[in-house]
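According to UniProt numbering, the stretch in the sequence shown is residues 1 to 432, in order.
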Amino acid sequence: MSKFKICTSRISACVNIGLKQSVIKRCYSVYGWGNGLSAQLGFGQTIEVATKPLDLPNFEDLAIKQLQSGVKHSVALVQEEGKGRLYTWGSNDYCQSGYFSELETGVGLFDSEEKLIEEPMQLRDGAEAENFKQIAIGDFHNLALTDEGKVFAWGGGILGYGTELFEIQMFPVKKLLDYKVESVYATGNTSLAVVDNNGLKEIMMWGYLDTTAKGDVSKALEPVKLLAGDKAFQFQQITSVALNQHNLAISGINLEGKDEVQVFGSLNNITPGYIPYCPEFQADAPLLSESVALPSLLSKNTAAKQVQLCDDFLLILNDDGKVTLHSILEPSQEPIEFANISGINSPIRSMYVRKNSAIFATPTEVLTYSAIPPVKKEKGSILSIFFTTKEEKEINPRPLIDTILTMPPNVQYINEPMIVSCGWDFFIVATK
Numbered sequence: 001m002s003k004f005k006i007c008t009s010r011i012s013a014c015v016n017i018g019l020k021q022s023v024i025k026r027c028y029s030v031y032g033w034g035n036g037l038s039a040q041l042g043f044g045q046t047i048e049v050a051t052k053p054l055d056l057p058n059f060e061d062l063a064i065k066q067l068q069s070g071v072k073h074s075v076a077l078v079q080e081e082g083k084g085r086l087y088t089w090g091s092n093d094y095c096q097s098g099y100f101s102e103l104e105t106g107v108g109l110f111d112s113e114e115k116l117i118e119e120p121m122q123l124r125d126g127a128e129a130e131n132f133k134q135i136a137i138g139d140f141h142n143l144a145l146t147d148e149g150k151v152f153a154w155g156g157g158i159l160g161y162g163t164e165l166f167e168i169q170m171f172p173v174k175k176l177l178d179y180k181v182e183s184v185y186a187t188g189n190t191s192l193a194v195v196d197n198n199g200l201k202e203i204m205m206w207g208y209l210d211t212t213a214k215g216d217v218s219k220a221l222e223p224v225k226l227l228a229g230d231k232a233f234q235f236q237q238i239t240s241v242a243l244n245q246h247n248l249a250i251s252g253i254n255l256e257g258k259d260e261v262q263v264f265g266s267l268n269n270i271t272p273g274y275i276p277y278c279p280e281f282q283a284d285a286p287l288l289s290e291s292v293a294l295p296s297l298l299s300k301n302t303a304a305k306q307v308q309l310c311d312d313f314l315l316i317l318n319d320d321g322k323v324t325l326h327s328i329l330e331p332s333q334e335p336i337e338f339a340n341i342s343g344i345n346s347p348i349r350s351m352y353v354r355k356n357s358a359i360f361a362t363p364t365e366v367l368t369y370s371a372i373p374p375v376k377k378e379k380g381s382i383l384s385i386f387f388t389t390k391e392e393k394e395i396n397p398r399p400l401i402d403t404i405l406t407m408p409p410n411v412q413y414i415n416e417p418m419i420v421s422c423g424w425d426f427f428i429v430a431t432k
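Here it is, written out as structure tokens:
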């Protein structure tokens with residue numbers, strides 16, 4: 001259990017490390033720890049691995065609305081001058097951190113140094129005129145939803161434009177301009193938008209999708225409608241959506257007016273964690289054009305404040321702060337109480353799960369799990385982007401769900417953590 005403690009308020013942050021103490025005057029704080037070799041922690045490559053939370057720069061006096069992370073980059077949605085603005089940092093190998101005209105070399109290209117956005121920077125080119133209200137981050141791509149309902153995308157992979165080309169500048173997803181978009185979600189190389197159709201909520205998806213229970217993959221280069229049988233999937237209200245590499249979970253109020261959580265996708269999701277070093281590309285995957293039907297795996301008649309997916313388990317956060325874990329492979333199995341396996345009885349405020357990492361926030365502490373121990377990696381080798389070393393392959397001993405079920409969490413004492421996120425081997429927290 002960590003001995004590092006951060007006590008924050010809207011007036012000051014008191015940082016205690018052993019017998020040392022300092023007071024930081026600010027309204028909002030963002031902290032990060034874990035792997036920092038790709039500037040994930042906002043300090044360039046000066047920090048390889050941080051075992052204790054570090055205070056990220058450039059967020060003084062900014063109201064943090066949302067944080068999300070990909071494999072090696074992060075995006076923050078902040079309220080500034082009455083508008084929702086975007087800040088990004090970390091790896092830009094696949095255009096995921098975005099375009100900054102101030103970093104151009106004069107020939108329209110980024111130098112190798114600008115493959116990293118070393119500290120949080122505001123996205124201005126193509127973004128400054130917009131008022132953003134939500135973000136969603138995949139492994140190497142991003143979505144940003146405006147107050148007018150436009151969905152912008154940029155980065156590497158399938159962005160919804162009809163191609164698989166990388167885009168360093170954000171552009172609207174044209175097919176969604178005909179819909180009233182309410183929210184967006186992303187993971188891996190998959191994206192999703194919740195749209196309103198005459199008061200009922202429907203789902204539009206694009207990217208790589210598991211379309212059979214055994215894991216056969218198809219791809220949609222533009223948004224396609226999720227079906228339930230031969231009709232569009234519809235809920236009266238959608239409260240939370242979660243995606244992982246193989247599954248989709250939706251919670252809300254069904255057409256009968258009852259609380260329900262549904263899980264779709266494949267059963268091919270129990271694999272030890274790994275870090276992808278480039279966006280997925282499957283040239284021979286069948287192409288979807290209008291709609292997609294995903295296998296239904298699990299249905300629960302229960303309310304959920306938030307849902308997340310971890311390997312073959314569905315995690316449900318209830319309004320009372322309790323988290324339960326539900327087996328997708330064995331739906332009749334009794335739910336597992338998170339408090340019983342973590343040893344933490346405080347109510348959970350929020351949670352966030354990636355393929356290899358998970359983070360949970362209580363009013364006074366942050367619990368983290370990682371399936372991949374930090375590994376020091378040599379800088380500057382272009383080959384390191386595409387290939388893993390023997391050492392790296394050997395550090396993936398178990399799926400993340402096994403880590404959560406059998407290992408104690410790492411605990412960081414951070415008062416009033418409001419927003420939590422994690423990449424594949426790093427964690428980000430915002431306090432008020």
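For each residue, glycine too, the CB sits at the ideal point set by N, CA and C. As the structure is a prediction and not an experimental result, all values here were calculated from the model.
Checklist entry - Smallest Cα separation from residue 461: which of PRO295, LEU116 and TYR161? => result Because the chain in this structure spans residues 1 to 432, residue 461 falls outside the shown range and cannot be described.
Next on the checklist: Are the CB atoms of TYR28 and LEU62 within a distance shorter than 7 Å?
Outcome noted: In this structure, TYR28 lies closer than 7 Å to LEU62 by Cβ.
Item to check | Integer-rounded CB distance, given that PRO408 should sit under 8 Å from ASP311 | outcome: So it is not a contact: roughly 19 Å between Cβ atoms.
Next on the checklist: Below 8 Å on the Cβ atoms is my contact criterion, and I expect residue 437 with SER251 to pass it. Report the Cβ-Cβ distance as a whole number of Å.
Outcome noted: Any property of residue 437 remains undetermined from this structure, which presents the chain solely from 1 to 432.
Checklist entry - Residues bridged to residue 450 by DSSP? => result As displayed, the chain neither begins before 1 nor continues past 432, which places residue 450 out of reach and without an answer.
Checklist entry - Does the pairing of the segment 228-237 with the segment 206-217 give three or more beta-carbon distances under 8 Å? => result With contact defined as three or more Cβ pairs closer than 8 Å, the segment 228-237 and the segment 206-217 are not in contact.
Next on the checklist: For the pair the segment 123-131 and the segment 88-106, tell me if three or more CB-CB distances fall below 8 Å.
Outcome noted: Yes, they touch.
Checklist entry - So is VAL411 in contact with chain D if we call contact Cβ pairs under 7 Å? => result Reference to chain D is not applicable here, since this structure consists of a single protein chain.
Checklist entry - By Cβ distance below 6 Å, which residues in the same chain neighbour ILE359 in space, the five residues on each side in sequence not counted? => result The residues are TYR352, THR368, VAL420, CYS422 and PHE427.
Checklist entry - Along the chain, which unbroken stretches of the alpha helix (DSSP H) at least 4 residues long are found entirely within the segment 391-431? => result Qualifying alpha helix (DSSP H) stretches, in chain order: 400-406.
Checklist entry - Using the beta-carbon count (16 or more within 10 Å), is ASP139 buried or exposed? => result By the neighbour-count criterion, in which 16 or more other beta carbons inside 10 Å mark a residue as buried, ASP139 falls on the buried side.
Checklist entry - Quick one, which of GLN79, SER370, GLN306 and GLU119 has its alpha-carbon nearest GLN66's? => result Taking only the C-alpha atoms, the option nearest GLN66 is GLN79.
Next on the checklist: Rounding to the nearest angstrom, what Cα-Cα distance links THR163 and PHE281 in this structure?
Outcome noted: Their backbone Cα atoms lie some 11 Å apart in a straight line.
Checklist entry - Is there at least one non-hydrogen atom of the ligand MN closer than 6 Å to the beta-carbon of LEU86? => result The ligand content of the structure shown is nil, which means the ligand MN is not present either.
Item to check | Rounded C-alpha distance that separates PRO286 from VAL217 | outcome: Taking the straight line joining both Cα atoms gives about 7 Å.
Checklist entry - Hey, out of HIS141, GLU182 and SER69, whose CA is closest to LYS150's CA? => result Comparing Cα positions, the closest option is GLU182.
Item to check | C-alpha gap between ASP259 and MET204, whole angstroms | outcome: Computed Cα separation, rounded: 21 Å.
Item to check | For GLU102, the three-state DSSP class (helix, strand or coil) | outcome: GLU102 falls in the helix class under three-state DSSP.
Next on the checklist: According to DSSP, GLN68 sits in a beta bridge with which residue or residues?
Outcome noted: DSSP, once it has assigned bridges, lists VAL75 as partnering GLN68.
Checklist entry - When DSSP labels each residue in this structure, what does ASN35 get in the three-state scheme? => result The DSSP-derived three-state label of ASN35 is strand.
Checklist entry - Considering ASN318, what are the terminal residues of the beta strand (DSSP E) in which it resides? => result Counting along the chain, no beta strand (DSSP E) covers ASN318, and no H or E run does either.
Item to check | Given GLY343 as reference, the closest of ARG354, LYS322, SER350 and GLU334 once Cα atoms are compared | outcome: Checking every option, the nearest Cα to that of GLY343 belongs to LYS322.
Checklist entry - What is the rounded straight-line gap between the Cα of PRO172 and the Cα of ILE336? => result Roughly 41 Å between the two C-alpha positions.
Checklist entry - Alpha carbon to alpha carbon, what distance is there between ILE341 and ILE135? => result Cα to Cα, ILE135 sits roughly 31 Å from ILE341.
Item to check | Residue environment, GLY188, which counts as buried when at least 16 other CB atoms sit within 10 Å | outcome: Buried is the call here.
Next on the checklist: Which of the three DSSP states is assigned to SER342 in this structure?
Outcome noted: Correct three-state label for SER342: helix.
Checklist entry - Counting along the chain, where does the beta strand (DSSP E) carrying TYR94 start and finish? => result TYR94: not part of any beta strand (DSSP E); DSSP gives it neither H nor E.
Next on the checklist: At the level of alpha carbons, what is the spacing between LYS175 and SER74?
Outcome noted: Taking the straight line from one Cα to the other gives about 26 Å.
Checklist entry - Going straight from the alpha carbon of LEU159 to that of LEU77, what length do you get? => result Spanning the two alpha carbons is a distance of roughly 20 Å.
Checklist entry - Per DSSP, what kind of secondary structure is LEU176 in: helix, strand or coil? => result Judged by DSSP in its simplified three-state form, LEU176 adopts helix.
Item to check | PRO57 versus ASP425: straight-line alpha-carbon distance, rounded | outcome: Going from the Cα of PRO57 to the Cα of ASP425 covers about 20 Å.
Item to check | CB contact flag (LEU309, LEU325, <7 Å) | outcome: Cβ atoms of LEU309 and LEU325: not closer than 7 Å.
Checklist entry - Which whole-angstrom value describes the C-beta separation of PRO363 and VAL71, a residue pair presumed to lie in contact below a C-beta threshold of 8 Å? => result Rounded, the Cβ-Cβ distance is 30 Å, inconsistent with contact.
Next on the checklist: Quick check: what's the CA-CA separation for ASN345 versus ASP196?
Outcome noted: When rounded, the distance between both Cα atoms is 38 Å.
Checklist entry - Taking the alpha-carbon positions, what's the GLU222 to LEU243 distance? => result Straight-line spacing of the CA atoms in GLU222 and LEU243 works out to 18 Å.
Checklist entry - Rounded to a whole number of angstroms, what is the C-alpha to C-alpha distance between ALA249 and THR88? => result Between ALA249 and THR88, the C-alpha separation is close to 27 Å.
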